[in-house]
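Below is one structure, written out as structure tokens, with a few remarks after it.
Numbering (our numbering), first residue to last: 16 to 67.
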């Protein structure tokens, strides 16, 4: 028995949610990379201090 696929409203909504998911994933990845470098800098002693 074949199932009925509901195509009401078209597929434009699903494409929008996919695009939003990709954008949010890229933002999350960028934040993770920046956070890693900030953590690495903190663990290695931070910025060098001036000797005066």
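C-beta: ideal position from N, C-alpha, C; glycine also.
Remember, it's a predicted structure, so these values are computed and weren't measured experimentally.
Collapsed DSSP secondary structure at residue i in the structure displayed
i          : result
residue 20 : coil
residue 60 : coil
Beta-carbon proximity list for residue i, same chain, < 7 Å, skipping 5 on both sides
i          : result
residue 4  : Absent from the model: residue 4. The displayed extent of the chain is 16 to 67, so no value can be given.
residue 30 : none
Residues near residue i by beta carbon distance below 8 Å, same chain, minus five either side
i          : result
residue 21 : none
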